[in-house]
Amino acid sequence: MAGYRKLGRTASQRKALLRNQVTNLLYNGKMVTTESKAKEIRRIAESMIALAVKEKDNFETVTVTAKVAKKDKDGKRVKEVVDGKKVTVYDEVQKEIKKDMPSRLHARRQMNKTLYTITEVPKEQAGRKKNTKTIDVVDKLFDEIAPKYVDRKGGYTRIVKIGQRKGDAAMEVLIELV
2 MAGYRKLGRT ASQRKALLRN QVTNLLYNGK MVTTESKAKE IRRIAESMIA LAVKEKDNFE
62 TVTVTAKVAK KDKDGKRVKE VVDGKKVTVY DEVQKEIKKD MPSRLHARRQ MNKTLYTITE
122 VPKEQAGRKK NTKTIDVVDK LFDEIAPKYV DRKGGYTRIV KIGQRKGDAA MEVLIELV
């Protein structure tokens, strides 16, 4: 007997389906799917959340000096003429960054193997590339989801049965983060 459900798909299709569903569950907090898919999604999502909870505070804050181009009121770079050439003017800025410790970095890379990055498009500009932003679900996992579950020892998701789907009578469920 296999250690997982095959879901009537080839290995690559199954992997892509589960990656997509787990990413959407962690991004939205809940989703509707079939019962067998939800049970597989639960396995992956719970292990991700447990890893994030374990490595939540395993970083150090470092101050870094960075060069940033000066910009005018229109958002264009300020240029200055030096020796007959136009050169961009830079300012030095102090930035605080989080530097992952090795175990947290390993956890982040393990999560990136499974989770996709999400591109969020504003509703008024649907279908355009302008003003889109990419959301890293791994950062959301570490910064928003893991702190909620620090005191909890497992059981981060809940599956609620909705009823049978009209077309093929498959049992539909709502899977959500507790």
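The numbers in our numbering rise by one with no breaks, and the one at position 62 of the sequence shown is 63.
All C-beta atoms, glycine included, are put in the ideal place defined by N, C-alpha and C.
- The residue from 34, 146, 139, 136 with its alpha-carbon nearest to that of residue 170 is 34.
- In the structure shown, residue 57 adopts coil according to DSSP, grouped into three states.
- Nearest to residue 63 by alpha-carbon distance, out of 101, 120, 46, 90, is 101.
- For residue 121 against residue 136, the beta-carbon gap comes to about 6 Å, under 8 Å, which counts as contact.
- When secondary structure is reduced to three states using DSSP, residue 112 falls in the helix class.
- Counting along the chain, residue 24 sits inside no beta strand (DSSP E); it lies in the alpha helix (DSSP H) bounded by residues 12-29.
- Rounded to whole angstroms, the gap between the alpha carbons of residue 129 and residue 143 is 30 Å.
- DSSP places residue 92 inside the beta strand (DSSP E), whose first and last residues are 91-101.
- Residue burial annotation: residue 105 is buried, with at least 16 other C-beta atoms found within 10 angstroms of its C-beta.
- Cβ neighbours of residue 81 within its own chain (closer than 6 Å, five residues either side excluded): 88, 90.
- Excluding the 5 residues flanking it on each side, residue 147 has same chain C-beta neighbours closer than 6 Å at 53, 54, 57, in chain order.
- Distances from the CA of residue 27 to each of 138, 17, 153, 123 were compared; the closest alpha carbon is that of 138.
- With contacts defined by Cβ atoms closer than 7 Å, residue 23 and residue 42 form a contacting pair.
- Judged by DSSP secondary structure, residue 162 falls within the beta strand (DSSP E) whose first and last residues are 158-165.
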